[in-house]
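Contents: one structure, followed by commentary.
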Amino acid sequence: MAAETYAKQINRMISDILHNRKQYKDLDMTHAKFVELVREMRYNQRQYFKHRTQGFLEKSKALEKQVDQYLADTSLPNQQKLF
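In numbering that gives the first Met the number 0, the protein residues as written are 0 to 82.
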């Protein structure tokens, strides 16, 4: 139940970010591209923890950096930082 609620919250946050991204002119990532980027990131993270190889670690970090950068670029002006 808690995981389902958390997943719904994450999906709502992503939808809000993507819906409000119209105010950002330089963004060309669609919802499908963003979901695919996150899916690829999670795949590489799981593979790293399964095999512990440097290649999966580097790919995971690179993809995570892309996801973090996109989220930072699309954060709403009045949105407060969590940390």
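Note that the Cβ used here is the ideal one computed from N, Cα and C, for glycine as well.
### Message
Helix, strand or coil for residue 12? Go by DSSP, reduced to three states.
### Response
Here residue 12 is taken as the residue at index 13 of the sequence shown, counted from 1. Of the three classes helix, strand and coil, the one that applies to residue 12 here is helix, per DSSP.
Near residue 96, which residues of its chain fall below 6 Å by C-beta distance, leaving aside the five closest residues on each side in sequence? An answer regarding residue 96 cannot be provided, because it is not within the stretch 0 to 82 covered by the chain.
Exercise for review: Please name the residue, chosen from 82, 37, 29, 70, that lies closest to residue 58 on a Cα-to-Cα basis.
Suggested key: Taking the sequence shown and counting its residues from 1, the one referred to as residue 58 is at position 59. Relative to residue 58, the option among 82, 37, 29, 70 whose CA is nearest is 37.
What span of residues does the alpha helix (DSSP H) with residue 70 cover, start to end? Numbered from its first residue, the sequence shown carries residue 70 at position 71. Where residue 70 is concerned, the enclosing alpha helix (DSSP H) stretches over 53-73.
First and last residue of the alpha helix (DSSP H) that includes residue 48? If you number the sequence shown from 1, residue 48 lands on position 49. In the DSSP assignment, residue 48 falls within the unbroken alpha helix (DSSP H) covering 30-50.
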